[in-house]
């Protein structure tokens, strides 16, 4: 019986140790959760920034708030994506963890070019939130 309990404990905990993986079919963050009306529609000299939240057990209780240039955009959950229409140029992209998350905020600089799409993955590596440029 003890062996069975140990086996199930290892099986359950092993789902929490791996890094997150790309989401194949992300769904858009609900518009009602957006904190701003900015970045929703294309404009003159804008490009598109797509942020896809990875899936997996790592960080599943963490629903970080995404900000751009210190402006709150929206929280992003596992398997979701944000599609932002942003003016050309450099921008500061950040993710702030919620209270259920023991991670620290993470940030990266993003260069947007008019008429082009830039893709980033957001996920967890070890116990750290990360933004990773994506080539798809």
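In the numbering used here, the protein residues as written are 5 to 140. In this text, a Cβ means the ideal position worked out from N, Cα and C, and glycines have one as well. None of the values given here were measured: they were computed from a predicted structure.
A distance below 8 Å separates the beta carbons of residue 84 and residue 32.
Scanning its chain for C-beta atoms nearer than 7 Å, with the 5 sequence neighbours on each side dropped, one finds around residue 111 the residues 96, 97 and 98, in chain order.
In this model, residue 132 and residue 107 are separated by some 6 Å (Cα to Cα).
In the three-state reduction of the DSSP assignment, residue 36 falls in the helix class, which pools H, G and I. For the set 127, 135 and 137, the Cα lying nearest the Cα of residue 60 is the one of 127.
Annotation: the continuous beta strand (DSSP E) that includes residue 113 extends over 110–116.
Secondary structure of residue 121 (DSSP, three-state): strand.
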